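Here the protein sequences line up with chains A and B, keeping their order. First residue of the first sequence: 190, per the numbering used here; consecutive thereafter. First residue of the second sequence: 190, per the numbering used here; consecutive thereafter. Ideal Cβ positions, reconstructed from N, Cα and C, are used throughout, including at glycine. Values in this document were obtained by computation on a predicted structure and should not be read as measured data. One structure is given here, and the rest of the page talks about it.
There are 2 protein chains.
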Amino acid sequence: MKEQLKSVHNQHVKNWKKLATKKFRRQSQRYLLDGWHLVAEALQNGAKVVQLIGTPDELAQHSDIVSRVEEVYEVTPEIIKHITETVSPQGICAVAEIPATYGMPSQLTGAWLMLDSVQDPGNVGTMVRTADAAGFAGVVVNEKTADLFSPKVVRSMQGSQFHLHLYNGDLKKWLAAFQRMGAPVYGTELNPAAQNCRKVKTPATFALIMGNEGNGMDRDLLALTDHNLYIPMRGRAESLNVAVSAGILMFQLNQSLQQDD
Amino acid sequence: MKEQLKSVHNQHVKNWKKLATKKFRRQSQRYLLDGWHLVAEALQNGAKVVQLIGTPDELAQHSDIVSRVEEVYEVTPEIIKHITETVSPQGICAVAEIPATYGMPSQLTGAWLMLDSVQDPGNVGTMVRTADAAGFAGVVVNEKTADLFSPKVVRSMQGSQFHLHLYNGDLKKWLAAFQRMGAPVYGTELNPAAQNCRKVKTPATFALIMGNEGNGMDRDLLALTDHNLYIPMRGRAESLNVAVSAGILMFQLNQSLQQDD
Chain A
190 MKEQLKSVHN QHVKNWKKLA TKKFRRQSQR YLLDGWHLVA EALQNGAKVV QLIGTPDELA
250 QHSDIVSRVE EVYEVTPEII KHITETVSPQ GICAVAEIPA TYGMPSQLTG AWLMLDSVQD
310 PGNVGTMVRT ADAAGFAGVV VNEKTADLFS PKVVRSMQGS QFHLHLYNGD LKKWLAAFQR
370 MGAPVYGTEL NPAAQNCRKV KTPATFALIM GNEGNGMDRD LLALTDHNLY IPMRGRAESL
430 NVAVSAGILM FQLNQSLQQD D
Chain B
190 MKEQLKSVHN QHVKNWKKLA TKKFRRQSQR YLLDGWHLVA EALQNGAKVV QLIGTPDELA
250 QHSDIVSRVE EVYEVTPEII KHITETVSPQ GICAVAEIPA TYGMPSQLTG AWLMLDSVQD
310 PGNVGTMVRT ADAAGFAGVV VNEKTADLFS PKVVRSMQGS QFHLHLYNGD LKKWLAAFQR
370 MGAPVYGTEL NPAAQNCRKV KTPATFALIM GNEGNGMDRD LLALTDHNLY IPMRGRAESL
430 NVAVSAGILM FQLNQSLQQD D
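Right, here's the structure in full:
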């Protein structure tokens with residue numbers, strides 16, 4: 190089924206545009222993918238692509254992908270620009286179902302990243318992408334972290350949402366779940382008892398928490414962690430960008446990366 | 190000397206505003222610092238602060254700093270907003286001399302980061318900040334890299350420009366200078382001969398090159414490197430953000446960080 194749309198006032202177009210708001214994403218449990226790379230990754234990884242939206246040229250050139258989506262909309266370049274807010278969009282978008290849930294897997298295994306009130310969407314997306322590259326099993330974010338499916342986070346994740354598990358949740362409950370099964374939870378707040386991240390030997394299952402850019406981790410959550418880690422620094426910078434810190438820690442800690450390379 | 194300014198049409202204000210452009214920064218060899226933290230860091234590290242610009246309230250509350258700058262301008266909050274383009278500025282700015290040069294130190298020692306056409310100002314600033322934290326001696330950028338003293342780069346550097354050496358230059362000449370003294374230059378392009386960064390033992394003096402976000406390193410420059418490094422990945426992300434990669438590599442390679450912690 191292919192429908193042609195030419196006006197930005199069409200109800201479909203209005204709904205796509207509204208996917209830029211957290212409220213509408215939550216209501217609809219859908220979000221927008223921008224560009225062929227993400228659409229192809231979604232389909233390849235079995236994600237549910239609900240609608241495909243493209244200019245006539247783009248749709249004609251990718252019939253293999255078009256044939257895999259039931260609802261296809263042929264639109265003007267202006268409509269694509271209107272819904273993506275991108276300066277020079279590729280001319281293709283898709284509406285996909287949000288894969289993140291509010292539950293918790295019945296069994297927790299592997300390395301997990303938890304984000305406690307990380308505000309910048311670029312940082313959040315970059316950390317999900319890095320967690321994917323570091324072989325982490327999943328990422329859990331609390332309510333005060335930038336929404337995982339906002340356009341900016343989606344741009345920075347570069348498709349990693351299709352490779353690992355994403356959850357929204359109460360980090361204290363997650364922390365308790367790890368600890369109940371004997372898996373350590375590492376905080377990242379400098380304090381006198383903090384441990385050098387290079388000296389820590391992690392088991393295969395553990396969690397690492399990164400805090401807010403300016404204020405660090407929540408005090409109550411910090412008090413519940415098993416250890417706090419620091420990255421030894423020689424320079425005079427007072428701190429690192431949170432996404433850079435997370436990258437160094439995730440690649441340092443994930444045992445599976447260290448053992449057989 | 191304290192002068193009061195109330196109009197955004199004043200010539201001083203126009204010049205401060207123009208510091209947002211690369212052309213005027215190059216002409217004047219000056220750039221803008223926004224906020225007390227950066228102004229204090231500049232003075233503390235012996236940087237040349239040419240002019241201090243603040244609202245009456247802010248200047249009154251920091252007389253210790255005010256007394257250390259010769260030219261002080263008392264301005265309206267509107268003028269500060271106009272020149273900083275910040276939504277909620279602190280009410281204090283300063284004009285400082287650009288510390289980066291086009292030369293080369295007579296002796297190259299320590300770890301150096303080279304940026305080959307890195308486009309995003311946030312990535313460039315974050316890498317300078319990370320190089321500082323990793324104890325690197327300096328950063329060299331080529332002409333196609335985002336200007337080191339643009340407002341966005343300055344915001345991301347968070348004062349690290351006062352802690353290490355910054356140079357603009359022809360990376361091929363720098364690479365040759367390292368190699369003449371027997372110091373290795375590491376590229377970061379995946380190719381069949383690339384080496385696992387965890388297995389590399391660097392001498393105290395070396396250089397690491399990071400390339401463009403989309404296109405990687407320049408082919409000619411790449412051909413001249415001694416080794417290319419890769420970060421072993423377990424996940425399915427195809428790549429890492431360039432600032433995250435640089436962070437992992439810099440903390441991995443800088444020997445001084447590894448030996449005595």
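For this session: Please classify residue 294 (chain B): is it buried, with 16 or more other beta-carbons within 10 angstroms of its beta-carbon, or exposed?
Result: exposed
Exercise. Cβ atoms of residue 264 (chain B) and residue 241 (chain B): under 8 Å apart, would you say?
Worked result: no
Exercise. Taking 8 Å as the CB-CB cut-off, is residue 324 (chain A) touching chain B?
Worked result: yes
Exercise. Are there 16 or more other CB atoms within 10 angstroms of the CB of residue 369 (chain B), so buried, or fewer, so exposed?
Worked result: exposed
Exercise. When the cut-off is 8 Å and only beta carbons count, does residue 436 (chain B) lie next to chain A?
Worked result: yes
For this session: Report the residue ranges of all alpha helix (DSSP H) runs contained in full by the region 323-408 of chain A; include only those spanning at least 4 residues, in chain order.
Result: 340-346, 360-369
Exercise. Residue 422 (chain B) versus chain A: which residues are under 8 Å apart at the beta carbon?
Worked result: 322, 323, 324, 446
Exercise. Counting Cβ pairs, one atom from each stretch, are 3 or more of them under 8 Å apart for the region 312-325 of chain B and the region 341-351 of chain B?
Worked result: yes
Problem set entry | residue 274 (chain B), enclosing alpha helix (DSSP H) - first and last residue | Counting along the chain, residue 274 (chain B) falls outside any alpha helix (DSSP H), and DSSP gives it neither H nor E.
For this session: Could you tell me whether any Cβ in chain A is nearer than 8 Å to the Cβ of residue 450 (chain B)?
Result: With a pLDDT of 41 at residue 450 (chain B), under the threshold of 50, the modelled position of that residue is not reliable, and no figure is offered here.
Problem set entry | Neighbouring residues, chain B, relative to residue 319 (chain A) (Cβ below 8 Å) | 426, 429, 430, 433
Exercise. DSSP state of residue 417 (chain A), grouped into three classes?
Worked result: strand
Problem set entry | chain E residues whose Cβ lies nearer than 9 Å to that of residue 354 (chain B) | Looking at the structure shown, chain E is missing, and the protein chains on hand are A and B.
Exercise. How many angstroms separate the CA atom of residue 326 (chain B) from the CA atom of residue 309 (chain B)?
Worked result: 22 Å
Problem set entry | residue 416 (chain A) versus residue 367 (chain A): straight-line alpha-carbon distance, rounded | 13 Å
For this session: Using a threshold of 8 Å, state whether the C-beta atoms of residue 438 (chain A) and residue 420 (chain A) are closer than that.
Result: yes
Exercise. Within this structure, are the beta carbons of residue 451 (chain A) and residue 202 (chain A) separated by less than 8 Å?
Worked result: In the structure displayed, chain A extends from 190 to 450; residue 451 (chain A) sits before or after that span and is not available.
Exercise. Are the Cβ atoms of residue 289 (chain A) and residue 227 (chain A) separated by less than 8 Å?
Worked result: no
Problem set entry | Those runs of the beta strand (DSSP E) which lie wholly inside the region 289-329 of chain B and span at least 3 residues | 300-304
Exercise. Residue 341 (chain B): which of B:249, B:375, B:273 sits nearest, CA to CA?
Worked result: B:273
Exercise. Of all Cβ atoms in chain A, is any one closer than 8 Å to the Cβ of residue 315 (chain B)?
Worked result: yes
For this session: Kindly list the residues whose CB is nearer than 7 Å to the CB of residue 413 (chain B), restricted to its own chain and excluding five residues on each side of it in sequence; keep chain order.
Result: 361, 364
Exercise. According to the neighbour-count rule (16 or more other Cβ atoms, all chains shown, within 10 Å of its Cβ), is residue 449 (chain A) buried or exposed?
Worked result: Note on residue 449 (chain A): pLDDT 44, under 50, position unreliable in the model; the coordinate value appears next. It counts as exposed.
Exercise. Can you tell me whether residue 424 (chain B) is buried or exposed, with buried defined as 16 or more other CB within 10 angstroms of its CB?
Worked result: buried
For this session: Can you give me the Cβ contacts of residue 206 (chain A) inside the same chain, cut-off strictly under 7 Å, excluding the 5 residues immediately before and after it?
Result: 271, 272
For this session: With a cut-off of 8 Å on the beta carbons, I'd call residue 402 (chain B) and residue 343 (chain B) a contact; round off their distance for me.
Result: In fact, because the Cβ distance is near 20 Å, the residues do not count as touching under 8 Å.
For this session: State yes or no: is the beta carbon of residue 169 (chain B) nearer than 8 Å to at least one beta carbon in chain A?
Result: Since the first and last residues shown for chain B are 190 and 450, residue 169 (chain B) lies out of range.
Exercise. When the cut-off is 8 Å and only beta carbons count, does residue 367 (chain A) lie next to chain B?
Worked result: no
Exercise. Residue 389 (chain B): which of B:199, B:283, B:374 sits nearest, CA to CA?
Worked result: B:374
Problem set entry | Residue interval of the alpha helix (DSSP H) (run including residue 254 (chain A)) | 252-255
Problem set entry | Cβ of residue 349 (chain A) within 8 Å of any chain B Cβ | yes
Exercise. For the putative contact between residue 287 (chain B) and residue 214 (chain B), defined by C-beta atoms under 8 Å, what is the C-beta separation to the nearest angstrom?
Worked result: 7 Å
Problem set entry | Inter-residue spacing [alpha-carbon to alpha-carbon] between residue 278 (chain B) and residue 200 (chain B) | 21 Å
For this session: Taking only the alpha-carbon atoms, compute the straight-line gap between residue 297 (chain B) and residue 332 (chain B) and give it to the nearest angstrom.
Result: 21 Å
Exercise. What do you reckon, are the CB atoms on residue 377 (chain A) and residue 418 (chain A) nearer than 8 Å?
Worked result: yes
Problem set entry | Collapsed DSSP secondary structure at residue 191 (chain A) in the structure displayed | strand
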